[in-house]
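Just below is one structure, and these are the notes that go with it.
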Amino acid sequence: MLLSRNTVRGSVTAGVIVGFMAASLPGPASAQSLQTVPSPRATPQTGTEHTTLARGDGGLAVDSLAVPGPGAASRSAGTAAELARTRVRPFQLAGVTWRAGSTPAATVVRLRVRSGGSWTGWTDLAHEDDEGPTVAQEPGARAGTGPVWVGDANGVAVRVTSASGVAPADLQVVTVDPGDDPGGRLGARTGSGAVATARPASGAALSRTPSFPHKPRVISRKRWGADPRLTEHCSAPRYGRTARMVFVHHTVNSNKYRPREAPGIVRGIYAYHTQGQNWCDIGYNALIDRFGNVYEGRRGGLSKPVRGAHAGDYNTGTVGVSMIGNFDVARTSKRMRHALVRFVGWRLGTSYQPVRGGVSVAGARFSRIAGHRDAMSTACPGRYLYAQLPRIRKRAANYLSRYSSRLERKADRLGKRRTGAVWKGERPVRGGYRTVFHRGVMFGKRGVGAHFLRGRTLSRYQHTGGPKGVLGWPTSNVKPSSVRRVRVLVTQRGRIYLPRGKPARVLHGPVYRRYRATGLATGRLGLPRTSVRRTTHGARARFRHGVVSWNRQTGKTTVRFR
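Structure follows, in structure tokens:
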């Protein structure tokens, strides 16, 4: 359910309820460098003690109030915990958190806020015990409701009931003000310079099927304002082996926000997840607003299999993408669906995964494009969006129908025992394509074929700059040379010789061309003893039976045999 600025409309559905939180004690909120204090777990349940969880540049404020036990009258009415109407500094999002593993049966959490000078009615906040990361994945994570967008508010009240009359342990109501865009840059601009626009290319109609699923336009974490200090309490990103499927979520917040407000919504979700629930980062790998803007979620690389915090036991090897809005009460926009098809097509297609059919994850079977409710007892991603998933699967399959990758075909021939799973999906590079596997990298270009490199060959080749460097694209696999115990990689503009037990020798440029004219390794010069090295006047390389030198000023190469 969504709390609007002046009234409550509808009921909160199960799933992740998202918005902005902000609250502090009365008084103006000033921008300052980020400050954090101990987790809200340290705050007693009694009284109405206030804790500042974080405050940062641009007006960001994340605060909490303890939800105390009820008075005698409320207890007799079945209330387990209650925070009476309490005035706080203005905020835009609120949620309730508690100690993980302490949720009594049939717990119901209700919230009301002071908005527009009056108090709203009560609304239920949905919660799922297995939402977000597991305790094993992120031991400090707290249970709780999803955050709910309330617009502008300056007061909050909470009421909690349960079948036993016992409340979850260490109850906190958390409020967030996502603050201004960093430096006032985001959302304030219009036109092509805006961070989020009303008609981004990623949301444009899918007028024709592309031959390659390019990455859609993505608003990076830096651009939407992800303060890296909010994740300092956690370790580096964790990864699965490959991206195998996508879980679709919705945030259950306003469906009527403007482009300039959308980055703030993302910042609010980020602040609530990291500061209110002690997650290591925002839970989703990506988010999409109603205009079709795509936002980078969890840090660690959107094209890598970053483990999110969106589906409990099914976070590893899956991609969580959340549609910003409440799609239990409204339908998604066309631009939002276009962006979702582009994102899923790129993310799964370039990882060489199908978008239709099923896959097993952590002992359960899912469609390759599944709804959050398929994994957990929740209404997420909302009845309207969930009903659209079969159509989205069909459109994503059509989007990928012309995509035929020579790199994927080569990998299939080699087999996963040699290449490993896709780590970072296929992407264009200098007129060709590259795919990173766990055990090496595949390079491919029309006219030169696809070739898989690994080990010291890959390391040496990438040290030269890869396809963009002096060697250009590989034109062969690593193969035996004409000399025993020496292997060679042939490229567009040179060769890498790989003698067993000795360093690799890299030849390129005028020195290599002169060496090739002498007959390569079976010619008079024999095998290279060094790679091409720069000199004061140009470059040279030593061979078993001589030296080849190139003079930069004259452009001439000379051979000195010995």
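Numbering (our numbering), first residue to last: 20 to 581. We put the beta carbon where it would ideally sit given N, CA and C, even for glycine. Small disclaimer: the values here were computed from a predicted structure and weren't measured.
Query	Result
Assigned exposure category for Asp431 - 16 Cβ within 10 Å defines buried	exposed
Same chain, Cβ closer than 7 Å to Gly339, neighbours up to 5 away in sequence not counted	Phe266, His268, Gly302, Tyr303, Asn304, Gly327, His329 and Ala330
First through last residue of the alpha helix (DSSP H) which encompasses Leu433	Arg425 to Leu433
Given Gly485 as reference, the closest of Arg506, Ser501, Asn496 and Arg449 once Cα atoms are compared	Arg449
Those runs of the alpha helix (DSSP H) which lie wholly inside the stretch 241-319 and span at least 4 residues	281-290
Close-in-space but distant-in-sequence residues of the same chain around Asn334 (CB under 7 Å, 5 per side omitted)	Pro152, Gln156, Arg326, Gly327 and Ala328
Nonlocal neighbours in the same chain, by C-beta distance under 8 Å from Arg559, ignoring five residues either side	Val530, Val551, Arg552, Val566, Val567, Ser568 and Trp569
Beta-bridge pairing of Met342 - partner residues as DSSP gives them	His269 and Ile307
Whole-angstrom distance between Trp298 and His292, CA atom to CA atom	5 Å
Three-state secondary structure (DSSP) of Val348	coil
Meets three-Cβ-pair contact criterion under 8 Å: the stretch 89-108 and the stretch 180-189	yes
Which listed residue (Thr554, Thr454, Lys443 and Ala416) has its alpha carbon closest to that of Arg428	Thr454
Cβ-Cβ distance between Arg595 and His391 below 8 Å	The first residue shown for the chain is 20 and the last is 581, placing residue 595 beyond what the model contains.
Inter-residue CB distance, Thr216 and Phe310 (contact presumed, cutoff 8 Å)	7 Å
Asn173, DSSP secondary structure in three states	strand
Secondary structure of Pro529, DSSP reduced to three states	helix
Local conformation of Trp492 per DSSP, three classes	coil
Range covered by the beta strand (DSSP E) that runs through Gly459	Gly459 to Lys464
Cα-Cα separation between Val378 and Arg263, rounded to whole angstroms	8 Å
Same chain, Cβ closer than 8 Å to Pro278, five either side skipped, listed in chain order	Gly206, Ala213, Ala215, Thr216, Ala217, Asp308, Phe310 and Asn312
Minimum length 3: unbroken beta strand (DSSP E) runs contained in the stretch 131-177	142-144
Separation of Ala381 from Arg475, as counted between CA atoms	35 Å
Simplified DSSP state of Asn417, which is helix, strand or coil	helix
Rounded Cβ spacing between Pro219 and Arg236 (contact assumed at less than 8 Å)	6 Å
Spatially closest choice to Val460 from Tyr480, Gly336 and Val467, by CA coordinates	Tyr480
Cutoff 6 Å; reference Lys234; Cβ partners in own chain excluding five residues on either side	Trp365
C-alpha gap between Gly607 and Ala103, whole angstroms	Any question about residue 607 goes unanswered here, given that the chain covers just 20 to 581.
Cutoff 6 Å; reference Gly444; Cβ partners in own chain excluding five residues on either side	Ser322, Thr369 and Ser370
Paired residues, beta bridge with Ile388 - DSSP	Val265
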